[in-house]
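When we follow our numbering, the leftmost residue of the sequence shown carries the number 211, and every step to the right adds one. Heads up, the thing below is written out as structure tokens.
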Amino acid sequence: MTIKKYIRRDTYLEKLILRRDNGEIKIVTGPRRCGKSWLLSHIFRDYLLGAGVSPENIITVDFDKDDDIYDFDVLDHKAVKEYIYSQIRSDTEKYYVFLDEIQELENFERLVNGLNGHDNVDVYVTGSNSRFLSKDIRTIFRGRGDEIRVFPLSFREFCLHYSDSVRDAWKLYYTFGGMPRLLHYTNNEQRISYLQNLWNKTYLDDVVERNNIKNGLAMSRLATSLCSSIGSLTNPSRIANTLETVQRMKIDSKTVASYIECLENAFLFESAERYDVKGKRYYESTKKYYCIDIGLRNARLNFRQQEPTHIMENVLYNHLRVMGFLVDVGIVESREMKEGKQKFIQREIDFVVNKGDKKYYIQSAYSIPTEEKREQELASLLKISDSFKKIVVLGEDIMPYTDENGIYFTGLFDFLLKDDWL
211 MTIKKYIRRD TYLEKLILRR DNGEIKIVTG PRRCGKSWLL SHIFRDYLLG AGVSPENIIT
271 VDFDKDDDIY DFDVLDHKAV KEYIYSQIRS DTEKYYVFLD EIQELENFER LVNGLNGHDN
331 VDVYVTGSNS RFLSKDIRTI FRGRGDEIRV FPLSFREFCL HYSDSVRDAW KLYYTFGGMP
391 RLLHYTNNEQ RISYLQNLWN KTYLDDVVER NNIKNGLAMS RLATSLCSSI GSLTNPSRIA
451 NTLETVQRMK IDSKTVASYI ECLENAFLFE SAERYDVKGK RYYESTKKYY CIDIGLRNAR
511 LNFRQQEPTH IMENVLYNHL RVMGFLVDVG IVESREMKEG KQKFIQREID FVVNKGDKKY
571 YIQSAYSIPT EEKREQELAS LLKISDSFKK IVVLGEDIMP YTDENGIYFT GLFDFLLKDD
631 WL
């Protein structure tokens, strides 16, 4: 495949432009190697230069690089502070400070909050762990933090960097995912090696070290278990039982829950809660988990479990999150006659998505080969009486249409590459 050189992330660039000079600390979060550094140091920097900002007024410190890049210790709080302030040579000119992977610096909060206190300094930081979760931002940055969540390349972004067919791009994407570095590799052996090294040398080692986890093997097997069960309802007790039964590993549900939290805090997985559409309440017992990147998921499983239904569902989930939607698993409850008796029935909607006043019900259906399968896929949607749009995404390439029940059908590529369904 032919690769275009410049990896643009226009969705995130627009968010940075909107937040420029707003008096708040811009906090760019996401998993390691997803493109956060590139976003600031290349894409946004080029924008600022094009807008007339002098190169000398853009100050960058990368805390994830080797020490020999700088003539000071990047992990020494005092040395970093002295360097940054030495570069701010005017009280009237505007300066832009980029602090990359700042969680590596002890007591970074004092430095960042101090810089943000200057009217002529606009501060941007990136982070890859739980210190940067939304629930902590108000505390860490005194209520002046504005989070921008970055994901690996979406399929839409992925396709922008290839000149070949969408179907060929999809074959690569559903296998190897959207970690930006993959665009530079030309064969599958390189791609596989890169993704597996990310898991073993970057992600898991980092999670174990930062959380002082004693049982690294259990954490590793838990990550594998979550990858294996994407899109399936589960909970810590069920996972603990699976690890004990299949892996012969004794671990309690409380430990599993804490390990899952560590993996979520590292932005490697996200959970979708079950939401009762009619009762308007959440179930706390079980959730669905999705890997932040389908290629990482496949690599963790040594590319053995290539189920198109689960892969498609995970890709759809990630796409919706990139678009800024909050995503839940919908449950529709009703009493129906079955075998001559009134029975309590629960039906599932793959995604209930919300953003502001927008709300959609979405079913992921890789294929609907029979009328019986069609009835199963539509049953939950037909039980909803409100007026929000109901959508079925099919794995096949079809012309979008709306059926007699007002349900919108669209193909996977149209859903991922266009916004007609909105």
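Each residue gets a CB set at the ideal place from its N, CA and C atoms; glycine is no exception. Computed from a predicted model, the values in this text were never measured in an experiment.
Whole-angstrom distance between residue j and residue i, CA atom to CA atom
| i | j | result |
| --- | --- | --- |
| Asn528 | Gly616 | 26 Å |
| Ala482 | Ala428 | 23 Å |
| Leu343 | Thr239 | With a pLDDT of only 49 at Leu343, under the threshold of 50, the placement of this residue in the model should not be trusted, and no figure is reported. |
| Thr212 | Val542 | Low confidence applies to Thr212: its pLDDT is 47, below 50, so where it sits in the model is not reliable enough to give any reading. |
| Glu367 | Asn326 | 32 Å |
| Gly233 | Ile350 | 16 Å |
| Arg447 | Ser463 | The amino acid occupying residue 447 in the given sequence is Ser; Arg does not appear at that position. Straight-line Cα distance between these residues: approximately 5 Å. |
| Arg255 | Tyr222 | 13 Å |
| Lys214 | Cys501 | Its pLDDT being 46, under 50, Lys214 is placed unreliably by the model, and nothing is read from it. |
| Phe623 | Val376 | 8 Å |
| Ile312 | Ser439 | 33 Å |
| Leu172 | Glu606 | Only positions 211 to 632 of the chain appear in the structure, and residue 172 is not among them; the question remains open. |
| Glu316 | Ser300 | 28 Å |
| Arg229 | Phe282 | 31 Å |
| Asn339 | Ala476 | 5 Å |
| Phe361 | Asn398 | 22 Å |
| Asn512 | Ser435 | 13 Å |
| Ile449 | Lys498 | 12 Å |
| Glu546 | Gly540 | 19 Å |
| Glu614 | Pro265 | 59 Å |
| Leu363 | Asp503 | 9 Å |
| Ile423 | Glu471 | 12 Å |
| Glu292 | Ile298 | 10 Å |
| Thr519 | Glu581 | 19 Å |
| Ser574 | Leu588 | 11 Å |
| Ser403 | Gly387 | 14 Å |
| Gln556 | Lys593 | 11 Å |
| Tyr295 | Tyr280 | 15 Å |
| Ile268 | Tyr257 | 12 Å |
| Lys651 | Thr444 | With the chain represented from 211 up to 632, any question about residue 651 goes unanswered, as that position is not in the structure. |
| Leu405 | Tyr395 | 11 Å |
| Lys548 | Phe554 | 9 Å |
| Pro579 | Arg510 | 31 Å |
| Gln400 | Gly550 | 59 Å |
| Trp409 | Tyr469 | 15 Å |
| Asn421 | Asp356 | 25 Å |
| Asn407 | Phe625 | 32 Å |
| Glu480 | Val417 | 15 Å |
| Asn508 | Gly324 | 43 Å |
Closest residue to residue i among the options (Cα-Cα distance)
| i | options | result |
| --- | --- | --- |
| Phe535 | Ile572, Val563 and Ile237 | Val563 |
| Val602 | Lys593, Thr612 and Ser595 | Thr612 |
| Ile559 | Leu626, Gly605, Asp486 and Phe619 | Asp486 |
| His287 | Glu266, Leu258, Leu321 and Tyr295 | Leu321 |
| Lys488 | Leu363, Lys424, Tyr571 and Asn397 | Tyr571 |
| Leu632 | Glu614, Lys600, Met609 and Ile608 | Lys600 |
| Lys236 | Asp629, Leu250 and Pro265 | Leu250 |
| Leu506 | Ile449, Pro241 and Glu549 | Pro241 |
| Lys568 | Met533, Gln556, Arg584 and Glu582 | Met533 |
| Gln515 | Cys437, Ser403, Asn323 and Leu259 | Cys437 |
| Met609 | Gly353, Asp630 and Asp596 | Asp630 |
| Leu627 | Pro579, Asp596, Lys490 and Phe365 | Phe365 |
| Met459 | Leu443, Gly426 and Gln406 | Gly426 |
| Pro390 | Phe554, Glu585, Glu549 and Gly245 | Gly245 |
| Glu314 | Gly324, Ile294 and Lys275 | Lys275 |
| Gly353 | Glu319, Tyr257 and Asp374 | Glu319 |
| Arg219 | Asn451, Ile555, Leu370 and Asn407 | Leu370 |
| Leu604 | Lys548, Ile521, His252 and Lys565 | Ile521 |
| Ile217 | Asn421, Asp231 and His252 | His252 |
| Phe598 | Tyr618, Lys583 and Val418 | Tyr618 |
| Tyr576 | Ala289, Glu517 and Ser544 | Glu517 |
| Phe273 | Leu259, Ser430, Val290 and Ala261 | Val290 |
Rounded distance between the beta-carbons of residue j and residue i, thought under 8 Å
| i | j | result |
| --- | --- | --- |
| Ile358 | Leu226 | 7 Å |
| Ser247 | Asp310 | 5 Å |
| Tyr384 | Val525 | 7 Å |
| Ile461 | Leu453 | 6 Å |
| Gly441 | Glu523 | 4 Å |
| Val456 | Leu432 | Their Cβ separation, rounded to whole angstroms, is 12 Å, which puts Val456 and Leu432 out of contact at 8 Å. |
| Val271 | Val263 | Going by Cβ atoms, the distance from Val271 to Val263 rounds to 18 Å, so no, they are not a contact pair. |
| Phe561 | Leu530 | 6 Å |
For residue i, the residue or residues it bridges with in DSSP
| i | result |
| --- | --- |
| Gly534 | DSSP lists no partner for Gly534. |
| Ile578 | Answer is none; Ile578 lacks a bridge partner. |
| Leu309 | Val271 and Val335 |
| Phe554 | Arg545 |
| Tyr493 | Arg484 |
| Asp356 | Lys236 |
Legend entry - Validate contact between the segment 328-337 and the segment 301-319 using beta carbons, cut 8 Å, 3 pairs: yes
Inset, instruction - Taking 8 Å as the threshold, find out whether the segment 409-420 comes into contact with the segment 492-501 through three or more Cβ pairs. - result: no
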